[in-house]
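Enquirer: Chains as they are written, first to last, in the numbering used here: chain A, 1 to 693; chain B, 1 to 353.
Cβ atoms here follow ideal geometry from the backbone N, Cα and C, with glycine treated the same way.
All of these numbers come straight from a predicted model, not from anything done at the bench.
Sharing a structure here in structure tokens format.
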Ligand SMILES: [Zn+2]
């Protein structure tokens, strides 16, 4: 709303400057976007009006705020002689030149109209200057007057060329399905049965509260004008405006709520302005179809409630002054007040709304800053918070930096990560761009783009992780994703670093599992986005035998890397773990520490040659099982070498295992340890045809 | 050499000689030998001159003493310099301690995480529990229960991202699912599950139908606060946010409430903080206004209490929503919001581990 300060001063006499007024409005809830100085001390204040205050899309509405702010009286439009904002007294009655009927008084509770003879003069300079300052283009005297009243009183009116209304009648009715109208903007629009129209005997001449029709548009040659000043149901105007894709000054006011008690006043103001600028004159009565007069509501406000909610005591006199200047009728009651908000204050519906008005004009800056008394211990925090923090700590300790990417990605980036059935990625119904049209099924696509960004900017070693939400047909899950390429360490003078491989990422996965108390198992798997043979599914080894899937890891395929703009030669390894699944799969252990062993351990190394297709996990299992039958308790198994090549037959591999034996109750003898190694070796020979080296 | 007699010329000559011989010495031992010939307690020149003082005629004692001390001081000074240089050289013969160390790799946390953690820490100290809620919401929790009925403009397809297919949840079949536009939906979920008094903060991501540019993002972080109990007031809200602002930004920050409108709070206000960079005088950070807006707040609307079945007469409450990016932009003076989502290591590595 562009508020012209000199126009405001017609309504309220304040000595304050435009800047001061703007500052005051800003602190009363009307954000000031700009102050534009005009000549001779005048200025336009560009005020943002919140959705709940359609009454302030007008000079008079903002004048009430300024009057309350400066404790000044407000000058309202009046039909008394010499009034500053003059109204023309017009008697109400039936007209023989225009008949008005309301067929749907739910969508149109009130329709007022007046007939005028127009002279065809142009608007005077003072009027066009005001309109232009407020951002409205002058058109013709009749249209300018309706715009002037719109800006001044906030009420949209409309002018028809009465001679073009068939039957000299106005019927406020719903459109019949498929009925069409060409609106003032020249566009032919098809209407539906839920839309309200202003029709003459034969056809719609305006879309009610939205826009007039081209057929009965007034022009400089129009001789007889029918002015409309009505009230339309907000929801109906909003729906029609949205359905037609047509937003106007009128529709934006009606859809937020106009004042159903101002239509007659608006016509009287039009009458006075017609007289003043010589644009013609109202002839005949003011036609006013208003079957059920809307009375202002009565709201009770308690003194104690006011003080409780604000945390401060506002003097009674101040409470009454504020409410009265804002236009409310106020009566004192035993424990507070009874107040009637005027019908233009569509936002004042209950006690708390009045409390806000008092607080707003009392000044939020006068409220003390108190700290609320704690009456109960803090509730338990969401366990996900500390879980995710722990995961972040593990990740940064592993050398990975944290990324934040968007929850939505482009459809084809999601494609390789989509499984069949209900795990299809979820699309967004109304995306703003194709780049963000699908909810991410995985954190990996976003991380790939982040790695690509860094590679493009010259970083060789890029290790990133993200903790975030993923979406599928089953709902949303929290996950941690990892993407890592380059070297294990920064360039150093002492040696050359090694390239990241599968086991670097696997090590991180194991660390996270360890931190969350999950026992992971790694199984070879196939994923569209991972290189075959370098992909693993991570499942939880749980006590009850179920093996929930925790995530996947592996090396990104060259095709996908290429598609995301990564250099061809890059070896990019990724992992993704479902933190919610991990949380469920965690094994609760005691916090009590284990006593330290009191007897020494014995270490034995064993090198065997086995088929190179034999998974290490199987070898470990065999050793573990055999160890249980051995005389010396087996306390640990470590693979410390794996060797292909000279001296080892093709298709075989040499595996070196270090076994630690330790008993809780005695010192082991060499003989016991040796017997155990023999037992284990025998098992390996028997089950895997292992040959000792 | 001990036969050189003291004189001002010989002092100069001996000092120059000492310097030259030290420079020529090839090893630590050689330098030690040179040093001993000059400073040795028994056979050194300095010692010889010192002895001469005792045997000299009384009228020359004073002059010889002066030359002897002059020589001693000059020689010792040169020797000290060599010793210091030697220390470095000796070091080189072990390892060069000035070569770069092998730093273990440490990753950096994202600035938005740092801000979020700090926010959680501050509010936890004030007795607020940190909870999270779903990012995919239904219309009832996101709008209806928050006093935004079906016709409310904020529910427009213009501003809200709706899902093409619903995600199963607790929403009735006639409610569309969407990406939450604010963390306020979690107010509803929490109140439905807990009785007052309540003090929670809800950090999380929210989504808007916005283009990504210098100052806007279609997804960003928010931290919601909610306190419900008997007798909570707007002044209490002011005090709570003041305590937060002073811990987050500067101990002298002031809070200003500017009246505003949100359907789920009444009264509603924008939260302004006095600019801590210019102390209110006006600078680039506060756009010359002296104030910085960080979010919105207000007293919980009774309609919201009614939606969750709370006694709106007995309980009052306050709530706020603050943008996490907004705080990060202010704290780290980031000029382009897109930097947070590009994940450029040159940016990320400027933040602590
Ligand atoms: Zn400043």
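#1: Nearest-angstrom Cα distance between residue 123 of chain A and residue 356 of chain A?
#2: Jot down the residue ranges of each uninterrupted beta strand (DSSP E) in the segment 468 to 531 of chain A, minimum 3 residues, whole runs only, in chain order.
#3: Apart from the five residues on each side of it in sequence, which residues of its chain come closer than 6 Å, Cβ to Cβ, to residue 135 of chain A?
#4: Residue ranges of each beta strand (DSSP E) run of no fewer than 3 residues wholly in the segment 145 to 198 of chain A, ordered along the chain?
#5: Tell me which residue opens and which closes the alpha helix (DSSP H) that residue 588 of chain A is part of.
#6: DSSP on residue 694 of chain A, reduced to helix/strand/coil?
#7: Have a look at the DSSP bridge pairing and note the partners of residue 78 of chain A.
#8: Could you give the uninterrupted runs of the beta strand (DSSP E) lying entirely in the segment 72 to 151 of chain B, keeping only those of 3 residues or more?
#9: Residue 182 of chain B: buried (16+ other C-beta within 10 angstroms of its C-beta) or exposed?
#10: Against chain B, with Cβ distances strictly below 9 Å, would residue 300 of chain A count as a contact?
#11: Using only alpha-carbon positions, find the residue among A:455, A:646, A:641 and A:600 that is nearest to residue 562 of chain A.
#12: Ignore the nearest five residues each way along the sequence and tell me which others in residue 145 of chain B's own chain have a CB closer than 6 Å to its CB.
#13: Heavy atom of ligand 1 less than 8 Å from the Cβ of residue 281 of chain B, yes or no?
#14: With hydrogens ignored, establish whether the beta-carbon of residue 277 of chain B is closer than 8 Å to any heavy atom of ligand 1.
#15: Does the segment 106 to 126 of chain A touch the segment 220 to 234 of chain A, meaning 3 or more C-beta pairs lie closer than 8 Å?
#16: Ends of the beta strand (DSSP E) at residue 453 of chain A?
#17: Can you list, in chain order, the stretches of the beta strand (DSSP E) that have 3 or more residues and sit fully within the segment 225 to 302 of chain B?
#18: Since residue 493 of chain A meets chain B, which of its residues come closer than 8 Å, beta carbon to beta carbon?
#19: Determine, using beta carbons only, whether residue 523 of chain A comes closer than 9 Å to chain B.
#20: From the DSSP output, in three-state form, read off residue 220 of chain B for me.
#21: Since residue 151 of chain B meets chain A, which of its residues come closer than 9 Å, beta carbon to beta carbon?
#22: List, in order along the chain, the chain B residues whose C-beta lies closer than 7 Å to that of residue 353 of chain A?
#23: Any idea if residue 587 of chain A is buried or exposed, counting beta-carbon neighbours within 10 angstroms, 16 or more meaning buried?
#24: Answer yes or no: does any C-beta atom of chain B fall closer than 9 Å to that of residue 623 of chain A?
#25: How long is the line joining the alpha carbons of residue 478 of chain A and residue 350 of chain B, rounded to whole angstroms?
#26: Residue range of the alpha helix (DSSP H) that residue 361 of chain A falls in?
#27: If you draw a straight line from the C-alpha of residue 291 of chain B to the C-alpha of residue 174 of chain A, how long is it?
#28: Below 8 Å on the Cβ atoms is my guess for residue 274 of chain B versus residue 280 of chain B; work out the distance and round it to an integer in Å.
#29: So, helix, strand or coil for residue 322 of chain B, using DSSP?
#30: Please return the same chain residues whose Cβ sits closer than 7 Å to the Cβ of residue 167 of chain B, not counting the five positions on each side in sequence.
#31: Would you tell me roughly how many angstroms separate the C-alpha atoms of residue 414 of chain A and residue 132 of chain A, rounded to the nearest one?
#32: Can you tell which of A:534, A:667, A:533 and A:646 has the C-alpha that lies nearest to the C-alpha of residue 598 of chain A?
#33: Can you give the beta carbon distance from residue 87 of chain A to residue 95 of chain A, rounded, assuming they're within the 8 Å contact cut?
#34: When the Cα atoms are used, what is the spatial distance from residue 193 of chain B to residue 309 of chain B?
#35: How many whole angstroms separate the CB atoms of residue 378 of chain A and residue 128 of chain B, which I take to be in contact at a CB cut-off of 8 Å?
#36: Could you tell me which residues DSSP pairs with residue 331 of chain A in its beta bridges?
Expert: With the given structure in hand:
#1: Numbered from its first residue, the first chain carries residue 123 of chain A at position 123. Numbered from its first residue, the first chain carries residue 356 of chain A at position 356. Between residue 123 of chain A and residue 356 of chain A, the C-alpha separation is close to 42 Å.
#2: 475 to 485 and 520 to 524
#3: Start at 1 with the first residue of the first chain, and residue 135 of chain A comes out as number 135. Counting only Cβ-Cβ distances below 6 Å, and skipping sequence neighbours, we find 2.
#4: 158 to 161, 169 to 174, 180 to 182 and 188 to 190
#5: For the purposes of this step, residue 588 of chain A is taken as residue 588 along the first chain, with counting starting at 1. Per DSSP, residue 588 of chain A belongs to no alpha helix (DSSP H) and is neither H nor E.
#6: Lying outside 1 to 693, the shown extent of chain A, residue 694 of chain A is not represented and no answer is given.
#7: By 1-based counting over the first chain, the position of residue 78 of chain A is 78. In DSSP, residue 78 of chain A forms a bridge with A:86.
#8: 136 to 138
#9: To locate residue 182 of chain B, count along the second chain from 1; it is residue 182. Counting Cβ neighbours within 10 Å, residue 182 of chain B comes out buried, since at least 16 surround it.
#10: In the first chain, residue 300 of chain A corresponds to position 300, counting from 1. Not closer than 9 Å to any Cβ of chain B, the Cβ of residue 300 of chain A fails to qualify, so no.
#11: As a position in the first chain, residue 562 of chain A is number 562, starting the count at 1. Nearest option by C-alpha distance: A:455.
#12: For the purposes of this step, residue 145 of chain B is taken as the residue at position 145 of the second chain. Here the set comprises 188 and 307.
#13: Stepping through the second chain from its first residue, residue 281 of chain B is reached at position 281. Because some heavy atom of ligand 1 lies under 8 Å away, the Cβ of residue 281 of chain B counts as near it: yes.
#14: Taking the first residue of the second chain as 1, we reach residue 277 of chain B at position 277. Yes, the Cβ of residue 277 of chain B comes within 8 Å of a heavy atom of ligand 1.
#15: yes
#16: Against the first chain, residue 453 of chain A aligns to sequence position 453. That residue, residue 453 of chain A, is in no beta strand (DSSP E); its alpha helix (DSSP H) goes 444 to 456.
#17: 255 to 262, 265 to 274 and 291 to 300
#18: For the purposes of this step, residue 493 of chain A is taken as residue 493 along the first chain, with counting starting at 1. Per Cβ cutoff of 8 Å: 99 and 100.
#19: Counted from its first residue, the first chain places residue 523 of chain A at position 523. Chain B, which has no Cβ nearer than 9 Å to the Cβ of residue 523 of chain A, makes this no.
#20: As a position in the second chain, residue 220 of chain B is number 220, starting the count at 1. Note: residue 220 of chain B maps to strand in three-state DSSP.
#21: The residue given as residue 151 of chain B occupies position 151 in the second chain. By Cβ distance, chain A contributes 234, 235, 238, 239 and 255.
#22: Position 353 of the first chain, counting from 1, holds the residue named residue 353 of chain A. The contacting residues are 266.
#23: Within the first chain, numbered from 1, the residue matching residue 587 of chain A stands at position 587. The residue is exposed, with fewer than 16 neighbouring Cβ atoms inside 10 Å.
#24: For the purposes of this step, residue 623 of chain A is taken as residue 623 along the first chain, with counting starting at 1. It does not: the Cβ of residue 623 of chain A has no partner Cβ on chain B nearer than 9 Å.
#25: By one-based count along the first chain, residue 478 of chain A stands at place 478. By one-based count along the second chain, residue 350 of chain B stands at place 350. Each residue's alpha carbon lies about 27 Å from the other.
#26: In the first chain, residue 361 of chain A corresponds to position 361, counting from 1. Start and end: 351 to 362.
#27: Reading the second chain from its first residue, position 291 is the one you call residue 291 of chain B. Reading the first chain from its first residue, position 174 is the one you call residue 174 of chain A. Distance between the alpha carbons of residue 291 of chain B and residue 174 of chain A: 51 Å.
#28: The residue labelled residue 274 of chain B in the question sits at position 274 within the second chain. The residue labelled residue 280 of chain B in the question sits at position 280 within the second chain. Contact flag correct, Cβ pair sits at about 5 Å.
#29: Walking along the second chain from the start, residue 322 of chain B turns up at place 322. The answer is strand: DSSP assigns residue 322 of chain B an E or B state.
#30: Mapped onto the second chain, residue 167 of chain B falls at position 167. Correct list, in chain order: 136 and 177.
#31: Residue 414 of chain A sits at position 414 when you count from the first residue of the first chain. Residue 132 of chain A sits at position 132 when you count from the first residue of the first chain. Going from the Cα of residue 414 of chain A to the Cα of residue 132 of chain A covers about 52 Å.
#32: As a position in the first chain, residue 598 of chain A is number 598, starting the count at 1. For residue 598 of chain A, the nearest C-alpha among the options comes from A:667.
#33: Mapped onto the first chain, residue 87 of chain A falls at position 87. Mapped onto the first chain, residue 95 of chain A falls at position 95. Residue 87 of chain A to residue 95 of chain A, Cβ: 19 Å. No contact.
#34: Counting from one through the second chain, the residue named residue 193 of chain B turns up at place 193. Counting from one through the second chain, the residue named residue 309 of chain B turns up at place 309. Approximately 11 Å between the Cα atoms of the pair.
#35: For the purposes of this step, residue 378 of chain A is taken as residue 378 along the first chain, with counting starting at 1. For the purposes of this step, residue 128 of chain B is taken as residue 128 along the second chain, with counting starting at 1. At roughly 7 Å, the Cβ-Cβ gap stays under 8 Å, so residue 378 of chain A and residue 128 of chain B are in contact.
#36: Working through the first chain from its first residue, we reach residue 331 of chain A at position 331. Looking at the DSSP assignment, residue 331 of chain A forms a beta bridge with A:338.
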